[in-house]
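Residue numbers (our numbering): 36 to 297.
Now the structure itself:
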């Protein structure tokens with residue numbers, strides 16, 4: 036059987052119309068259809084169509100486990116993949132915070148068959164490179180395109196709890212668009228597992244996990260949905276490498292944010 040050439044495969048993955056003969060072959064050839072689906076998954080991701088190609092973000096403890104296994108420097112402990120916090124379960128014995136987020140699914144790529152492996156992989160790599168280039172451009176615009184320095188809107192000293200001596204501080208910055216960032220500084224990493232940052236309600240019944248922090252300074256994005264008046268407590272906990280997202284109940288540092296005078 037004469038299969039479709041790589042150019043036609045690429046056109047089909049981009050949802051471009053094919054001639055009648057090519058479309059007829061694609062409708063009845065599992066091999067060519069599989070290659071189109073595989074490349075189309077990358078195209079959907081490049082277009083930002085995550086409804087068609089949903090992605091899954093790993094929890095902070097995944098990177099913490101990798102960091103410990105490889106023996107990396109403490110400066111590399113903060114999760115490099117994501118700073119988007121998720122509503123987390125409370126300290127054991129309390130009602131967990133509600134969240135509207137639903138579990139993401141991972142796109143399953145079908146096995147490749149026979150010929151044109153190098154060519155198809157090249158096409159996938161080319162599209163992926165375009166995605167990375169675009170992401171880098173967005174990052175650069177975000178980093179260097181700000182009109183003014185973010186303003187300090189809230190801050191707190193973080194005091195050590197019983198059994199710990201590390202010191203810390205927390206500062207909330209807001210830019211001109213209202214986007215908020217929590218900057219955490221911790222003088223020492225004294226935990227047995229890894230340190231996780233939380234925003235907690237005064238009654239300790241609801242909390243948000245912001246991510247993993249090591250010794251030094253780390254920054255985390257605060258989503259618009261989080262009201263700091265309802266979650267003013269900044270907590271740094273000692274979390275075991277057990278894969279459980281629930282707060283361990285062991286806090287290293289804690290402080291309550293207050294509005295800045297500036």
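Glycine residues also receive a C-beta, built at the ideal position from the N, C-alpha and C atoms.
Three-state secondary structure (DSSP) at residue i?
i, result
"residue 38", "coil"
"residue 259", "coil"
"residue 212", "coil"
"residue 234", "strand"
"residue 45", "helix"
"residue 251", "strand"
"residue 291", "strand"
"residue 192", "strand"
"residue 80", "helix"
"residue 204", "strand"
"residue 241", "coil"
"residue 51", "coil"
"residue 281", "coil"
"residue 246", "strand"
"residue 222", "coil"
"residue 143", "Only weak support is given to the placement of residue 143: the predicted model assigns it a pLDDT of 38, under 50, and the value that follows is read from those uncertain coordinates. DSSP places residue 143 in coil when its eight states are reduced to three."
"residue 70", "helix"
"residue 296", "coil"
"residue 111", "helix"
"residue 99", "helix"
"residue 57", "helix"
"residue 62", "helix"
Less than 8 Å between the beta carbons of residue i and residue j, yes or no?
i, j, result
"residue 237", "residue 209", "no"
"residue 294", "residue 189", "yes"
"residue 271", "residue 198", "no"
"residue 113", "residue 249", "yes"
"residue 220", "residue 252", "yes"
"residue 274", "residue 246", "no"
"residue 290", "residue 192", "yes"
"residue 47", "residue 78", "no"
"residue 286", "residue 196", "yes"
Quick check on residue i: buried or exposed, where buried means 16 or more other Cβ atoms within 10 Å of its Cβ?
i, result
"residue 101", "exposed"
"residue 45", "buried"
"residue 74", "buried"
"residue 99", "buried"
"residue 292", "buried"
"residue 234", "buried"
"residue 111", "exposed"
"residue 95", "buried"
"residue 288", "buried"
To the nearest angstrom, report how far apart residue i and residue j are at their CA atoms.
i, j, result
"residue 183", "residue 216", "15 Å"
"residue 64", "residue 93", "36 Å"
"residue 58", "residue 50", "12 Å"
"residue 232", "residue 268", "10 Å"
"residue 97", "residue 206", "26 Å"
"residue 60", "residue 39", "8 Å"
"residue 304", "residue 230", "Nothing about residue 304 can be reported from this structure: the residues present for the chain run from 36 to 297 only."
"residue 41", "residue 280", "45 Å"
"residue 265", "residue 211", "23 Å"
"residue 258", "residue 243", "10 Å"
"residue 66", "residue 37", "11 Å"
"residue 260", "residue 241", "14 Å"
"residue 152", "residue 56", "Note on residue 152: pLDDT 46, under 50, position unreliable in the model; the coordinate value appears next. Approximately 23 Å between the Cα atoms of the pair."
"residue 276", "residue 226", "11 Å"
"residue 80", "residue 254", "27 Å"
"residue 43", "residue 53", "8 Å"
"residue 256", "residue 262", "13 Å"
I want to see whether chain E comes within less than 8 Å of residue i, judged by CB atoms only; does it?
i, result
"residue 112", "Note that chain E does not occur in the displayed structure, where there is just one protein chain."
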